[in-house]
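K.L.:
Input: one structure, supplied below.
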Amino acid sequence: MDTNEHEHVIEVTDLRRVYGGGFEAVRGITFHVKRGEIFALLGTNGAGKTSTVEVLEGLAAPAAGRVRVLGSDPRTERSVVRPRTGVMLQEGGFPSELTVAETVRMWAGCTSGARPVDEALDLVGLGPRSRVRVKQLSGGERRRLDLALALLGDPEVLFLDEPTTGLDAEGRRDTWELVRRLQETGTSVLLTTHYLEEAEVLADRLAILHQGRIAATGTPAEVTASQPARISFELPAGYFLGDLPALGELGVVGHEQAGRTVRLRTYEVQRAATELLVWARDTGVELHGLDVRSASLEEAFLRIAGRNAADAAEKTEVAA
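Using my numbering, read the sequence shown as starting at 2 and increasing by one per residue.
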């Protein structure tokens, strides 16, 4: 037995997924999910997230590469993997005339070692709605029902596909708290989401997919640290951009000016901010509106995706 099975609940090595006509949706990606961690897969539409997750869930075969979930092949050893995993799909497709409790009870009949119906509903806050028909649920409540079904078997690995779509801010945070509680009990989670705040709050590590390849991976802090921080302030009256310390010496990689407001981008934020404050002190002026911020995950995501799109376009032009 591979010793990584004890540490990694998901292992993906050089995974490729090809559709009819030769379109390569996933182009040789490699990553792993550690036991007990929350791992987020991020990417724009068409980046390859769904194509990857379908292979991990055993719903599709890879064109090439190796995939293991809890040490087994999720497609050829589905009977071994399925009872130990939970899957929350984007669309549950429940019979609309059934009540919430009837839907969960029906699903529990197909789930090995299913937890009690009331317990599953209480976990996601649907206990008071157990007698309501599915067709009467709001979009957010249907997402909670999707989650209740995924949790029926008390899974070791939980696949969450856009878990908070349709939920209001309170419902989203309630779901985040539930996911954290599940992690505390040892559940490992693979999360796909287009809410970057959700990934920033929940994920221990993440991977950004772009055009079927992993463009960046690491902790949220590591991914955001790969992008420049921002420093903004108002130029003192009578002073111009050229009066500041040489921007190149501050590690500034880009700047903008709108009126008297200056925005700098730098990888050396501490040194740049310190030098600016020293300059202001020695010059006898104040830097009004001084604001120093690290890049957000959203900014990092947009820059990484944009950078890779530009690289791909350049390669296409060269090939042409």
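Here a beta-carbon is modelled for each residue, glycine too, at the ideal position from N, C-alpha and C. Here the structure is a predicted model, which is why all the values come from computation and not from measurement.
Do you know how far the Cα of Glu178 is from the Cα of His33?
P.N.:
24 Å
K.L.:
Just tell me which of Trp280, Pro246, Phe241, Gln271 has its CA closest to the CA of Arg261.
P.N.:
Phe241
K.L.:
What runs of the beta strand (DSSP E), each 3 residues or longer, lie entirely inside the stretch 2 to 61?
P.N.:
Those beta strand (DSSP E) runs which fall completely within the stretch 2 to 61 and span 3+ residues are 9 to 19, 25 to 35, 39 to 44.
K.L.:
Name the DSSP beta bridge partners of Glu189, please?
P.N.:
According to the sequence shown, residue 189 is Ser rather than Glu. Answer by DSSP bridge pairing, in chain order: Val158.
K.L.:
Mind checking who Glu257 pairs with in its DSSP beta bridge?
P.N.:
Answer is Arg264, bridged to Glu257.
K.L.:
Using the Cα positions of Ala48 and Leu288, report the straight-line distance between them to the nearest angstrom.
P.N.:
42 Å
K.L.:
Drop a sphere of 10 angstroms on the beta-carbon of Leu146, count the other beta-carbons inside from all chains shown, and report buried for 16 or more, exposed for fewer.
P.N.:
buried
K.L.:
Do Leu16 and Gly29 come within 9 Å of each other at the CB atom, strictly closer than that value?
P.N.:
yes
K.L.:
Could you name each continuous beta strand (DSSP E) segment of 3 residues or more that falls completely within the stretch 89 to 175, going from the start of the chain to the end?
P.N.:
158 to 162
K.L.:
Quick check: the Cα distance between Thr186 and Thr193, rounded to an integer number of angstroms?
P.N.:
21 Å
K.L.:
Leaving out five residues on either side along the sequence, give the residues of the same chain with a beta carbon under 8 Å from the beta carbon of Thr14.
P.N.:
Thr31, Gly66, Arg67, Val68
K.L.:
Helix, strand or coil, according to DSSP, for Glu300 in the structure here?
P.N.:
helix
K.L.:
Give me whichever residues DSSP pairs with Ala208 in a beta bridge.
P.N.:
Leu42, Thr218
K.L.:
Here's the rule: buried if 16 or more other CB atoms are within 10 angstroms of the residue's CB, otherwise exposed. What is Ser113?
P.N.:
exposed
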